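For reference, the structure is listed below as structure tokens.
Residue numbers (the working numbering): 1 to 259.
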């Protein structure tokens, strides 16, 4: 049985999960091709980063602001073009994914992840799931992180996906809506709605993003220590910030052994 195990040493974020999979040997060209199918006009970069002496990868999404989507799609109004950061609803995102030429596995997994996040955001903001406007999530890089993650899983095709226990930081952080507590309300709500165990570390910083825990909610079949396995691949995905703990997610892929 092939198992993918995510060791979330310093929490979980979408870009770090993707970076760890790419570092473990997922074909970056495949991910780029899949993201191109969304016509988002973004550029993807993979950079080397050393974290506490460990060679890791960073997954970076660059938005090309100057080029208008109108060039190949005149139906979008200017208001949509200029405000697309803040006004993409779950309905818009689901439609964009469904109408793309991505394969069904990637479509279904991407939508499942978005649904986990949208459902929590809807509860936190008192809106219906269809109308929840994604700021953190609607932001283009979150769409890219989620679809890229689904594309990576499509490449690896593991039999089972497991995560280590998830710990967030504490304190306060800035959001679109002003100062909010950590864990962010959407993060706690995703944990509650999906019965995910979550704890707090004594680090005054947001370690878990809604995208990170939304992915875990959609794919994790358990939260545990690494099972007994013969390891075939290892990857390290780095976050952008420096923390007291090594800011990486480590992914381990291999054959699970029955004791």
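Built from N, CA and C at the ideal position, the CB exists for glycine as well. The model shown is predicted, which means the values in this text are computed figures rather than measured ones.
Checklist line | Closest by C-alpha distance to residue 159, when choosing among 9, 256, 41 | finding: 256
Next item on the list: Would you kindly work out how many angstroms separate the C-alpha atoms of residue 170 and residue 198, rounded to a whole number?
Entry: 12 angstroms
Checklist line | Neighbourhood of residue 216 by C-beta distance below 7 angstroms, restricted to the same chain and skipping five residues each side | finding: 12, 163, 166, 196
Item checked: Of the residues 35, 252, 243, 118, the one placed nearest residue 107, counting alpha carbons only -> 35
Next item on the list: Identify, in the order they occur along the chain, each residue of the same chain with its Cβ nearer than 8 angstroms to the Cβ of residue 64, setting aside the five sequence neighbours on each side.
Entry: 41, 42, 43
Next item on the list: Tell me where the beta strand (DSSP E) around residue 229 begins and ends.
Entry: 229-238
Notebook entry, point to check: For the candidate residues 250, 50, 6, whose alpha-carbon lies nearest to that of residue 242?
Noted result: 50
Check: What residues in its chain sit with their C-beta under 7 angstroms from that of residue 194, if we drop five residues either side in the sequence?
Finding: 116, 217
Next item on the list: Report the rounded CA-to-CA distance for residue 253 versus residue 25, giving the unit in angstroms.
Entry: 10 angstroms
Checklist line | Among 247, 155, 93, nearest to residue 52 - alpha-carbon criterion | finding: 247
Notebook entry, point to check: Where in the region 132-167 do unbroken runs of the beta strand (DSSP E), each at least 3 residues long, occur, reported from the N-terminal end onward?
Noted result: 160-163
Item checked: For residue 121, the nearest candidate out of 20, 59, 23, 188 (CA to CA) -> 188
Margin query: Let me make sure I understand the geometry here. Which of 119, 100, 32 has the alpha-carbon closest to that of residue 214?
Written below: 119
Margin query: Considering Cα atoms alone, identify which of 61, 178, 251 is closest to residue 47.
Written below: 61
Checklist line | Inter-residue spacing [alpha-carbon to alpha-carbon] between residue 45 and residue 57 | finding: 10 angstroms
Margin query: So for residue 225, helix, strand or coil by DSSP?
Written below: coil
Check: Does the Cβ of residue 27 lie closer than 7 angstroms to at least one heavy atom of the ligand ATP?
Finding: Ligands in the displayed structure: none, and consequently the ligand ATP is not present.
Next item on the list: Within the same chain, show all residues whose beta-carbon is closer than 6 angstroms to that of residue 2, passing over the 5 residues directly before and after it, in chain order.
Entry: 158, 159
Next item on the list: Pick helix, strand or coil for residue 244, following the three-state DSSP scheme.
Entry: coil
Next item on the list: State the DSSP-derived secondary structure class of residue 20, mapped to helix, strand or coil.
Entry: helix
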